[in-house]
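*Asks:*
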Amino acid sequence: MVRYVSTRGAAPVLSFDDVLLAGLARDGGLYVPDAWPTLGAHRLRGLAGRPYEDLATAVIAPFVAGGVAADALPRLVATAYASFAHRAVAPLVQVDATTWLMELFHGPTLAFKDVAMQLLAQLFDHVLAARGERVTIVGATSGDTGSAAIEAIKGRERADVFILYPHGRVSDVQRRQMTTVDVGNVHAIAIDGTFDDCQDLVKAMFADAPFRDAVGLSAVNSINWARVLAQTVYYVAAGLALGAPDRRVRFVVPSGNFGNVYAGYGARAMGLPVDRFVVASNANDILPRFFATGAMETRTVVPTLSPSMDIQISSNAERLLFDLMGRDGAGLAGWMTRFRAEGRNALTPAQTEAARALFAAARADDAETARVIAKTHAETGMVVDPHTAVGLSAAAQLPGDPAVPTVVLATAHPAKFPDAVERAIGRRPALPDRMGDLFERRERVTRLPNDLATVEAFVRGNARAVVSGAAA
Ligand SMILES: *Cc1c(COP(=O)(O)O)cnc(C)c1O
15 MVRYVSTRGA
25 APVLSFDDVL
35 LAGLARDGGL
45 YVPDAWPTLG
55 AHRLRGLAGR
65 PYEDLATAVI
75 APFVAGGVAA
85 DALPRLVATA
95 YASFAHRAVA
105 PLVQVDATTW
115 LMELFHGPTL
125 AFKDVAMQLL
135 AQLFDHVLAA
145 RGERVTIVGA
155 TSGDTGSAAI
165 EAIKGRERAD
175 VFILYPHGRV
185 SDVQRRQMTT
195 VDVGNVHAIA
205 IDGTFDDCQD
215 LVKAMFADAP
225 FRDAVGLSAV
235 NSINWARVLA
245 QTVYYVAAGL
255 ALGAPDRRVR
265 FVVPSGNFGN
275 VYAGYGARAM
285 GLPVDRFVVA
295 SNANDILPRF
305 FATGAMETRT
315 VVPTLSPSMD
325 IQISSNAERL
335 LFDLMGRDGA
345 GLAGWMTRFR
355 AEGRNALTPA
365 QTEAARALFA
375 AARADDAETA
385 RVIAKTHAET
395 GMVVDPHTAV
405 GLSAAAQLPG
415 DPAVPTVVLA
425 TAHPAKFPDA
435 VERAIGRRPA
445 LPDRMGDLFE
455 RRERVTRLPN
465 DLATVEAFVR
475 GNARAVVSGA
485 AA
């Protein structure tokens, strides 16, 4: 049975059910499996050609073994992916002789976050029902995570969701995906402030222990272990479709928080033969600088055409650092403390070399992103979103062994970022039919000041999980 340990070595070891609901570990670390279960070559061959749901069940089962979700897993997976508009869930589309796009945007909110969030919601409901508990999910979003969380949690019996986004600073599509879901357990909150203000409010709510306990606070942000786990599945799917375990694959991943590419790292740890991971960033290039030099250094976030990657602290990189440091939790805790205090810290040369053996990285600025959207359209007729274009640019900048297929992860549907796409190709991408009425739906949103007491009062007043007597 897989147990979960904190990257900082000082938090309790947890089972899957507990790690699902815990989010961040109590010592400030992130949970990882104590050992990765493996899928040998024989087992991988046996999974080739199976439907995505079967593959997901096979990959995830060892991680949830011993927990309450184990027996129900096939049903939870089937329900989660029934909401996808493509039966393959994560179909591959060939771009040129050696490059494929893996389309991860066929879920209800048009970005890859749905792949993990839809399953996470099923797992939450199941585990909470077994325990007779409720939770209050609070999150901050710059766009995609919030809409995916709202869409996944809406109407669920055991959870209420409160999503804080910066008023006036998300795209119209992103905002409407959050504000037009007219269901009682969903609360979109427009904060008069920036994304960082929203994130600080969420952190402050988690740090307020009486409040946290009174409302049963929980998180579904990208450090949640179950999200990483759900994302490992499509790497295995792509690998199998392109010849694994008998052929290696190279993955190019548009990255921000490092959650998606870390899931690929996990698929490799399970036995998928991977040639290399190429981390693709926009002008917010902390990750390319890190893989080039071994030094992690934050700079000011600049807004770009690919806003879901406008990040200067890649939280999930801590999970990779843990392995690079030989799983020395105390050592990593010290390293992270210094990084947070000084905004900079570096790996040793040997650790840097180990990272570079598996990861490469490249960046694309806005001009390059627009150029790649236009070029891809001119050469193939395909319309790609700005995040995917950053990935295609990185793939072209770092050409690999032509005998190794390259899979670029298409992380969002072009209609989610129509302005950038229209500027590049002169045509506005249409929303898929299933959400064609998004702009006619009525919006419901609560606008609140950037003030902790006001936001906490709103959450207490609307969360069903409030413990009576503790609410005052
Ligand atoms: C969240 C997101 C990313 C970045 O993924 P990480 O897991 O944070 O690295 C890339 N593209 C899109 C469209 C996203 O929504």
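Just so you know, we're using the working numbering here: the sequence shown kicks off at 15 and counts up by one.
Glycine is no exception: its CB is placed at the ideal position from the N, C-alpha and C atoms.
It should be emphasised that the depicted structure is a prediction, and the values quoted were computed from it without experimental measurement.
In whole angstroms, what is the alpha-carbon distance linking Ser295 and Glu171?
*Replies:* Position 281 of the sequence shown holds residue 295. Position 157 of the sequence shown holds residue 171. The alpha-carbon atoms of Ser295 and Glu171 are separated by roughly 38 Å.
*Asks:* From the DSSP secondary-structure annotation, give me the bridge partner or partners of Thr113.
*Replies:* The residue labelled residue 113 in the question sits at position 99 within the sequence shown. In the DSSP output, where bridge partners are listed per residue, Thr113 has Thr420.
*Asks:* Thinking Leu118 and Ala104 are a contact (beta carbons under 8 Å), I'd like their distance in whole angstroms, please.
*Replies:* In the sequence shown, residue 118 corresponds to position 104, counting from 1. In the sequence shown, residue 104 corresponds to position 90, counting from 1. Confirmed, Cβ separation roughly 6 Å.
*Asks:* Less than 8 Å between the CB atoms is what I'm expecting for Ala162 and Ala125, so what's the real figure, rounded?
*Replies:* By one-based count along the sequence shown, residue 162 stands at place 148. By one-based count along the sequence shown, residue 125 stands at place 111. About 7 Å separates the two Cβ atoms, so the contact holds.
*Asks:* Quick one: residues in its chain with C-beta nearer than 7 Å to the C-beta of Ala488, no 5 flanking neighbours on either side, listed in chain order?
*Replies:* With the chain covering 15 to 486 only, the question about residue 488 has no answer from this structure.
*Asks:* Buried or exposed, going by whether 16 or more other CB atoms sit within 10 Å of the CB of Gly273?
*Replies:* Position 259 of the sequence shown, counting from 1, holds the residue named residue 273. Buried: at least 16 other Cβ atoms inside 10 Å.
*Asks:* Since I believe Asn464 is in contact with Ile205 (beta carbons under 8 Å), could you give me their beta-carbon distance rounded to a whole number of angstroms?
*Replies:* Position 191 of the sequence shown, counting from 1, holds the residue named residue 205. Position 450 of the sequence shown, counting from 1, holds the residue named residue 464. Yes, Ile205 and Asn464 are in contact; Cβ-Cβ is about 6 Å, under 8 Å.
*Asks:* Is the CB-CB distance between Ala444 and Ala388 below 7 Å?
*Replies:* In the sequence shown, counting from the first residue as 1, residue 444 sits at position 430. In the sequence shown, counting from the first residue as 1, residue 388 sits at position 374. In this structure, Ala388 does not lie closer than 7 Å to Ala444 by Cβ.
*Asks:* Does the distance between the C-beta of Ala426 and the nearest non-hydrogen atom of ligand 1 fall short of 6 Å?
*Replies:* Stepping through the sequence shown from its first residue, residue 426 is reached at position 412. Ala426 Cβ: within cutoff of ligand 1.
*Asks:* DSSP puts Ala202 in a beta bridge; with which residues?
*Replies:* In the sequence shown, counting from the first residue as 1, residue 202 sits at position 188. Answer is Ile177.
*Asks:* Hey, would you say the C-beta of Asn359 is under 6 Å away from at least one heavy atom of ligand 1?
*Replies:* As a first step, residue 359 must be located in the sequence shown, where it is residue number 345. For ligand 1, not one heavy atom lies less than 6 Å from the Cβ of Asn359.
*Asks:* Mind checking if Leu115 is an interface residue toward chain B, Cβ cutoff 7 Å exclusive?
*Replies:* Absent from the structure: chain B. Only one protein chain is present.
*Asks:* Contact between the region 239-256 and the region 218-226: three or more CB pairs below 8 Å?
*Replies:* The region 239-256 vs the region 218-226: no contact.
*Asks:* Within a Cβ cutoff of 7 Å, which residues of the same chain sit near Gly285, ignoring the five residues on either side of it in sequence?
*Replies:* Numbered from its first residue, the sequence shown carries residue 285 at position 271. Result list for Gly285: Thr52, Leu53, Gly54 and Leu58, in chain order.
*Asks:* Can you tell me the Cβ-Cβ gap for Pro400 and Ser329, rounded? I've got them flagged as a contact below 8 Å.
*Replies:* Mapped onto the sequence shown, residue 400 falls at position 386. Mapped onto the sequence shown, residue 329 falls at position 315. That belief does not hold up - the Cβ atoms of Pro400 and Ser329 are roughly 22 Å apart, past 8 Å.
*Asks:* Pairing CB atoms from the region 35-42 with CB atoms from the region 358-374, are three or more of them under 8 Å?
*Replies:* The region 35-42, when compared against the region 358-374, does not touch it at the 8 Å Cβ threshold.
*Asks:* Taking the alpha carbon of Thr402 as the point to measure from, which residue in Phe209, Thr351, Val109 and Ala347 has its own alpha carbon closest?
*Replies:* Position 388 of the sequence shown holds residue 402. Measuring from the Cα of Thr402, the nearest candidate turns out to be Val109.
*Asks:* Can at least three beta-carbon pairs, one atom from the region 335-344 and one from the region 417-432, be found at a separation below 8 Å?
*Replies:* Verdict: no, contact absent.
*Asks:* Could you have a look at Ile151 and say whether DSSP puts it in helix, strand or coil?
*Replies:* Taking the first residue of the sequence shown as position 1, residue 151 is located at position 137. In this structure, Ile151 counts as strand in the three-state DSSP scheme.
*Asks:* Can you name the residues that DSSP bridges to Arg358?
*Replies:* Mapped onto the sequence shown, residue 358 falls at position 344. According to DSSP, Arg358 bridges with Glu311.
*Asks:* How many angstroms separate the CA atom of Thr468 from the CA atom of Ile237?
*Replies:* Counting from one through the sequence shown, the residue named residue 468 turns up at place 454. Counting from one through the sequence shown, the residue named residue 237 turns up at place 223. Straight-line Cα distance between these residues: approximately 27 Å.
*Asks:* State the Cα-Cα distance for the pair Asp68 and Ala355, rounded to the nearest angstrom.
*Replies:* Position 54 of the sequence shown, counted from the first residue, corresponds to residue 68. Position 341 of the sequence shown, counted from the first residue, corresponds to residue 355. Between Asp68 and Ala355, the C-alpha separation is close to 45 Å.
*Asks:* When you compare each of Asp324, Val27 and Arg261 to Thr155 by their alpha carbons, which one comes out closest?
*Replies:* Within the sequence shown, the letter at position 141 stands for residue 155. Ranking the options by Cα distance to Thr155, first place goes to Asp324.
*Asks:* Enumerated in chain order, which unbroken segments of the alpha helix (DSSP H) with a length of 4 residues or greater are wholly contained in the region 224-286?
*Replies:* Segments of the alpha helix (DSSP H) lying fully in the region 224-286: 239-255 and 273-283.
*Asks:* Would you tell me roughly how many angstroms separate the C-alpha atoms of Arg455 and Asp211, rounded to the nearest one?
*Replies:* Position 441 of the sequence shown, counting from 1, holds the residue named residue 455. Position 197 of the sequence shown, counting from 1, holds the residue named residue 211. If you take the alpha carbons of Arg455 and Asp211, they lie about 28 Å apart.
*Asks:* With distance defined between alpha-carbon atoms, name the residue in Val288, Gln365 and Ser322 nearest to Ala309.
*Replies:* Taking the first residue of the sequence shown as 1, we reach residue 309 at position 295. Out of Val288, Gln365 and Ser322, Gln365 has the C-alpha closest to the C-alpha of Ala309.
*Asks:* Could you tell me the distance, in whole angstroms, from the CA atom of Arg290 to the CA atom of Asp337?
*Replies:* As a first step, residue 290 must be located in the sequence shown, where it is residue number 276. As a first step, residue 337 must be located in the sequence shown, where it is residue number 323. Using only the alpha carbons, I get a separation of about 17 Å.
*Asks:* Please find out if some non-hydrogen atom of ligand 1 comes closer than 6 Å to the beta-carbon of Gly278.
*Replies:* Within the sequence shown, numbered from 1, the residue matching residue 278 stands at position 264. Because no heavy atom of ligand 1 lies under 6 Å away, the Cβ of Gly278 does not count as near it: no.
*Asks:* Residue range of the beta strand (DSSP E) that Ser161 falls in?
*Replies:* Within the sequence shown, residue 161 is the residue found at index 147, counting from 1. Counting along the chain, Ser161 falls outside any beta strand (DSSP E), though it belongs to the alpha helix (DSSP H) covering Asp158 to Ile167.
*Asks:* My assumption, with CB atoms under 8 Å, is that Ile177 sits in contact with Asn199. Please give the rounded CB distance.
*Replies:* Against the sequence shown, residue 177 aligns to sequence position 163. Against the sequence shown, residue 199 aligns to sequence position 185. No, Ile177 and Asn199 are not in contact; Cβ-Cβ is about 12 Å, not under 8 Å.
*Asks:* For Val316, count neighbouring C-beta atoms within 10 Å of its own C-beta (all shown protein chains included) and say buried if the count is 16 or more, exposed if not.
*Replies:* Start at 1 with the first residue of the sequence shown, and residue 316 comes out as number 302. Exposed, because fewer than 16 other Cβ atoms sit within 10 Å of the Cβ of Val316.
*Asks:* When the Cα atoms are used, what is the spatial distance from Ala83 to Val91?
*Replies:* Walking along the sequence shown from the start, residue 83 turns up at place 69. Walking along the sequence shown from the start, residue 91 turns up at place 77. Cα-Cα distance, rounded: 11 Å.
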